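For the sequence shown, the working numbering assigns the number 7 to the initial residue and increments by one for each residue that follows.
Where a beta carbon is used, it is the ideal one built from N, C-alpha and C, also for glycine.
If you're wondering where the values come from, they're calculated on a predicted model, not measured in any experiment.
Heads up, the thing below is written out as structure tokens.
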Amino acid sequence: MTQLYYKKATYSPYRDRIPLQIVRAEVELSAEERAYLTAVEKGDYAGVKHALREAEVYYNMDVNCLDPLGRSALLIAIENENLEIMELLLDHGIHTGDALLYAIRKEVVGAVELLLSHRRPSGEKQVPSLMMDSQFSEFTPDITPIMLAAHTNNYEIIKLLVQRKVTIPRPHQIRCDCVECVSSSEVDSLRHSRSRLNIYKALASPSLIALSSEDPILTAFRLGWELKELSKVENEFRQEYEELSQQCKRFAKDLLDQARSSRELETILNHRDNDQSEELDPRQCHDLAKLKLAIKYHQKEFVAQPNCQQLLATLWYDGFPGWRRRHWVVKLVTCFIIGLLFPIFSLIYLLAPKSALGNFIKKPFIKFICHTASYLTFLFLLLLASQHIARTNLHMQGPPPTIVEWMILPWVLGFIWAEIKEMWDGGFTEYIHDWWNLMDFAMNSLYLATISLKIVAYVKYNSSRPREEWEMWHPTLIAEALFAIANIFSSLRLISLFTANSHLGPLQISLGRMLLDILKFLFIYCLVLLAFANGLNQLYFYYETKASEEPNNCKGIRCERQNNAFSTLFETLQSLFWSIFGLLNLYVTNVKARHEFTEFVGATMFGTYNVISLVVLLNMLIAMMNNSYQLIADHADIEWKFARTKLWMSYFDEGGTLPPPFNIIPSPKSIWYLLMWLHNKLCSRGQPPGDDSHKYVLVEFNSEVIRNLVKRYVAAMIRSAKTDEGLTEENFKELKQDISSFRYEVLDLLGNRRPPRRHYSSSSETAKDDGAAASEDDSESGDGSGGGVGIPKSKSVTFMTPTGDDTGPTPTLGVRLQRLSAPGGKTDSFKRLSYLFSRSKRKAPPMPLQSPPSYTISDGLLRPLGSHSHSDFGLSDVTRSETHLNEVGRSIDITNPSFSRTNGRDSLLALPPPCPCQSLHCASNMSESSARLLDSSEDVFQGGGMEGADEGGVDGGGSGVMMMGGVGGTL
Numbered sequence: 007m008t009q010l011y012y013k014k015a016t017y018s019p020y021r022d023r024i025p026l027q028i029v030r031a032e033v034e035l036s037a038e039e040r041a042y043l044t045a046v047e048k049g050d051y052a053g054v055k056h057a058l059r060e061a062e063v064y065y066n067m068d069v070n071c072l073d074p075l076g077r078s079a080l081l082i083a084i085e086n087e088n089l090e091i092m093e094l095l096l097d098h099g100i101h102t103g104d105a106l107l108y109a110i111r112k113e114v115v116g117a118v119e120l121l122l123s124h125r126r127p128s129g130e131k132q133v134p135s136l137m138m139d140s141q142f143s144e145f146t147p148d149i150t151p152i153m154l155a156a157h158t159n160n161y162e163i164i165k166l167l168v169q170r171k172v173t174i175p176r177p178h179q180i181r182c183d184c185v186e187c188v189s190s191s192e193v194d195s196l197r198h199s200r201s202r203l204n205i206y207k208a209l210a211s212p213s214l215i216a217l218s219s220e221d222p223i224l225t226a227f228r229l230g231w232e233l234k235e236l237s238k239v240e241n242e243f244r245q246e247y248e249e250l251s252q253q254c255k256r257f258a259k260d261l262l263d264q265a266r267s268s269r270e271l272e273t274i275l276n277h278r279d280n281d282q283s284e285e286l287d288p289r290q291c292h293d294l295a296k297l298k299l300a301i302k303y304h305q306k307e308f309v310a311q312p313n314c315q316q317l318l319a320t321l322w323y324d325g326f327p328g329w330r331r332r333h334w335v336v337k338l339v340t341c342f343i344i345g346l347l348f349p350i351f352s353l354i355y356l357l358a359p360k361s362a363l364g365n366f367i368k369k370p371f372i373k374f375i376c377h378t379a380s381y382l383t384f385l386f387l388l389l390l391a392s393q394h395i396a397r398t399n400l401h402m403q404g405p406p407p408t409i410v411e412w413m414i415l416p417w418v419l420g421f422i423w424a425e426i427k428e429m430w431d432g433g434f435t436e437y438i439h440d441w442w443n444l445m446d447f448a449m450n451s452l453y454l455a456t457i458s459l460k461i462v463a464y465v466k467y468n469s470s471r472p473r474e475e476w477e478m479w480h481p482t483l484i485a486e487a488l489f490a491i492a493n494i495f496s497s498l499r500l501i502s503l504f505t506a507n508s509h510l511g512p513l514q515i516s517l518g519r520m521l522l523d524i525l526k527f528l529f530i531y532c533l534v535l536l537a538f539a540n541g542l543n544q545l546y547f548y549y550e551t552k553a554s555e556e557p558n559n560c561k562g563i564r565c566e567r568q569n570n571a572f573s574t575l576f577e578t579l580q581s582l583f584w585s586i587f588g589l590l591n592l593y594v595t596n597v598k599a600r601h602e603f604t605e606f607v608g609a610t611m612f613g614t615y616n617v618i619s620l621v622v623l624l625n626m627l628i629a630m631m632n633n634s635y636q637l638i639a640d641h642a643d644i645e646w647k648f649a650r651t652k653l654w655m656s657y658f659d660e661g662g663t664l665p666p667p668f669n670i671i672p673s674p675k676s677i678w679y680l681l682m683w684l685h686n687k688l689c690s691r692g693q694p695p696g697d698d699s700h701k702y703v704l705v706e707f708n709s710e711v712i713r714n715l716v717k718r719y720v721a722a723m724i725r726s727a728k729t730d731e732g733l734t735e736e737n738f739k740e741l742k743q744d745i746s747s748f749r750y751e752v753l754d755l756l757g758n759r760r761p762p763r764r765h766y767s768s769s770s771e772t773a774k775d776d777g778a779a780a781s782e783d784d785s786e787s788g789d790g791s792g793g794g795v796g797i798p799k800s801k802s803v804t805f806m807t808p809t810g811d812d813t814g815p816t817p818t819l820g821v822r823l824q825r826l827s828a829p830g831g832k833t834d835s836f837k838r839l840s841y842l843f844s845r846s847k848r849k850a851p852p853m854p855l856q857s858p859p860s861y862t863i864s865d866g867l868l869r870p871l872g873s874h875s876h877s878d879f880g881l882s883d884v885t886r887s888e889t890h891l892n893e894v895g896r897s898i899d900i901t902n903p904s905f906s907r908t909n910g911r912d913s914l915l916a917l918p919p920p921c922p923c924q925s926l927h928c929a930s931n932m933s934e935s936s937a938r939l940l941d942s943s944e945d946v947f948q949g950g951g952m953e954g955a956d957e958g959g960v961d962g963g964g965s966g967v968m969m970m971g972g973v974g975g976t977l
């Protein structure tokens, strides 16, 4: 085996290597196509134009070719934000494809506007307003431009598209069973779900809501609620839908942040939509309809917003100016006095509801104190009833009501009437959504059952009989049990008032959340309990004994010696439940027969149950409750303010002024309202004159307030985006592209486009080829001028400042280059360029006042202006090594008033004078950064860094000249 192994190893030396090959090869680009895409990448406008013209004439390349990254020339131009090349490509009819979607995703506003507005020479649009191209896989077919713009939340792009009347598909209801939804889900359920998610992601865009919705706050409310409900159905995308719902909530809250006055705030919170305008009185100005909707849709961030809470606090403490600044003792005494006087206030309101004291009790804070005092009085009466102050015959089967019970009855009737009014005003659905209402319903039901059973016992049983002889289901016994349970509910109902306190409120909210965890735990625990109860009962029901066979004739787990714990299913359930609290002994698993195996199995089952219930489930419950408490603690302020607002809103509404038991007394005002309602129903009458005009004024003012809020929100959003943007990699890429484009524009205007660059290993090798280069240059030049024949002309661009030598009667010769782009096309890029240069300038040595070198951009090297007269023009041989020279020492007096610094966008390019002059073969220094400047745009951005600054500062004594590609204040 060893020889065979080594023999195999000999014949397969690469058996431990994985052969790799390209299985999805792409179409190779031709040389012309690569040059064409490279020109687009570098911003070479003339090169791209030349390539397009050649393609039209010779058909030597495909203008719609793709690079290895799958980008066409148009997409590359969009990525580089080169609008000039984009327009050139569109004029030549290049295939657009998904260019509009690509520009929207890159958030290039200028490119989007160009694509939307560009037209062919015939007049038809090049790019439609809505465009989908299914041949590209970068975007799914359901994505439209407006949806993608909404996903990016770019306000400017969304505005451009909305102005062109674009539309978004309306999503169907969550449980829609129409033919379209059913068929789409059956064909491709994933695409159906993703399409719905994309639509909702677009609709939840804050910029789109602010721009296209008449009432953006209401739209955010409803959309956030719909997304929250959708997250419960679409479990696979629950996180995405919850994030979108939270985004809508933040948007509504941010809009409310922009309110600057109480008038604006009241207008927003009191505004109601068309559905509510029919139900509410339009002349009522403090109904807080919008806030009620916020509570209905659980917009906790909106409700807890400081502006909203400030207005609510003002309305709550109306009539008590400076209440919060008072000492707590003063507050306590004031509340105690008002609570003691609540019967007097109630009687005054019954007799004179429009009087000063009648209006005083209608204030929300006073109403709250009176209702609280009334409920505390009710609890005090319950305490008296449980103490049996009035002694009665305990053996009477149908006892009559006591004095305390007669006093409790009006409160019970008042509570029932208040719940009926609340259900009538708010509706049954809204009523049952509040857990405290469910608790009130249970409490009132127990009191009604108690009263009914006592009446039955009083009517049916008139005799007296020892209580020990009563049957188990005696009406009096059941009534007493129900009354005891009702007392517990009544006492616990007081917890709802803790919400008004900032210290007890968060604890009360946490307790409510823990109740949900307890219900979840009980569901699992009941399953475990039923499983073990069934098993133990199946094992032990054969060994059931009679009560006469047990000590003291006692059977069950309540006996002094527990027995028959698992004889029946109900007894087994009780035994297992009480065993959690350690109230069951282990000997209950024993049997009288000598069946040790049965006892062992029973004890094992009983022990396993205790381990699961105590160790696993109970600790799981503790962890769940701790998690719920921590969740509330992390958002304690928002949760408490939302719960407090719900409590306050119940006292802001008109009606329900009188507390129990005074609310069951018919007041003159109630009788008057009833008569007016009957009169309006029987004698139908239109709205009084002036209501329509008043409503129109309110609608117009609300529209103006919403418009101002949206403007402020958009301005704040743009400011925040600019602040958070900073300098990123995209900014440097854009800056690099701008420099490359500017370089090619300079060379095109000078007609001095370089041939393909050649690389040399070192300067020594370059010096060896000087002679050969000179002879080649002579042969390439057809004619010469000035100094000799066959000498190549040296064209250069010198960024320099006028010196003392240049200030004379002869003006400086130069030309000012202008970018061919639209105004402001790359202004931001050059601003960032100047910013980078100014930062690097701080690190460079200080500029001297004398003899700074000048920098040239040239194939050859040009002597500085003014060194020779115009009549002395001549050209000498320029060797290949001399093309690397880029510095010419000359004196520049920056103290001269004519001294100026040019920038990268609008530069003064000093051209050679139209007189013969000799080429310079000597210079003070040689800078590699300037030599690399003409090689590539990458070299301009990367190589023209600190090298040029150091050489200019050390060898040249600092720079007062603008140099492209350099730093330290030069371009």
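### Query
Given residue 485, which residues of its chain have a CB within under 6 Å of its CB, disregarding the five upstream and five downstream residues?
456, 459, 460
### Coil, strand or helix - residue 470 by DSSP
strand
#### Entry: Euclidean distance between Cα positions of residue 352 and residue 296
31 Å
### Task
Indicate whether residue 91 and residue 158 have their beta-carbon atoms separated by less than 9 Å.
no
### Query
Of the choices 657, 579, 336, 39, whose alpha-carbon is the least far from that of residue 73?
39
### Task
Inspect the beta-carbon positions of residue 425 and residue 450 and report whether they are closer than 9 Å.
yes
### residue 402, DSSP secondary structure in three states
strand
#### Entry: Cβ-Cβ distance between residue 677 and residue 420 below 9 Å
no
### Task
Go through its chain and collect everything with a Cβ distance to residue 718's Cβ below 7 Å, but skip five positions before and after it.
264
### Query
What's the C-alpha gap between residue 748 and residue 81?
20 Å
### Task
Identify, in the order they occur along the chain, each residue of the same chain with its Cβ nearer than 7 Å to the Cβ of residue 279, setting aside the five sequence neighbours on each side.
221, 224
### Query
Where residue 25 and residue 93 are concerned, what is the direct C-alpha to C-alpha distance, given to the nearest angstrom?
46 Å
### Task
Kindly indicate the opening and closing residues of the alpha helix (DSSP H) around residue 245.
244 to 263
### Message
Do residue 617 and residue 605 have their beta-carbon atoms positioned less than 9 Å apart in this structure?
### Response
no
### Task
Measure the alpha-carbon distance for residue 217 versus residue 160 and round it to whole angstroms.
11 Å
### Query
Rounded to a whole number of angstroms, what is the C-alpha to C-alpha distance between residue 302 and residue 230?
12 Å
### Message
Taking 9 Å as the threshold (C-beta atoms), are residue 54 and residue 42 in contact?
### Response
yes
#### Entry: Own chain residues within Cβ distance below 8 Å of residue 491, not counting five before or after
452
### Query
Roughly how many angstroms separate the alpha carbons of residue 1 and residue 181, rounded to a whole number?
As shown, the chain starts at 7 and ends at 977. That puts residue 1 outside it, with no answer to give.
### Query
Going straight from the alpha carbon of residue 312 to that of residue 702, what length do you get?
30 Å
### Query
Considering only residues of the same chain and omitting the five flanking positions on each side of residue 250, which have a CB-CB separation below 7 Å?
206, 207, 210, 233
### Query
Can residue 98 and residue 118 be called in contact, C-beta distance under 9 Å?
no
### 6 Å Cβ shell around residue 442 - same chain, five flanking residues per side excluded
502
### Message
So the candidates are 586, 568, 345; which of them puts its Cα closest to the Cα of residue 622?
### Response
586
### Message
Does residue 476 come out as helix, strand or coil in the three-state DSSP assignment?
### Response
coil
### Query
According to DSSP, is residue 569 helix, strand or coil?
coil
#### Entry: Cutoff 6 Å; reference residue 237; Cβ partners in own chain excluding five residues on either side
244, 247, 248
### Message
Helix, strand or coil for residue 574? Go by DSSP, reduced to three states.
### Response
coil
### Task
Would you mind working out which of 444, 418, 56, 415 sits nearest residue 429, comparing C-alpha positions?
444
#### Entry: Endpoints, alpha helix (DSSP H) assigned at residue 241
Run containing residue 241: none; DSSP gives neither H nor E here.
### Query
For the alpha helix (DSSP H) that contains residue 312, what are its first and last residues?
312 to 322
### Task
Would you tell me roughly how many angstroms separate the C-alpha atoms of residue 328 and residue 320, rounded to the nearest one?
10 Å
### Query
Under the three-state reduction of DSSP, which class applies to residue 345: helix, strand or coil?
helix
### Task
Provide the residue span of the alpha helix (DSSP H) that contains residue 430, from first to last.
409 to 432
#### Entry: Among 593, 471, 382, 376, nearest to residue 400 - alpha-carbon criterion
471
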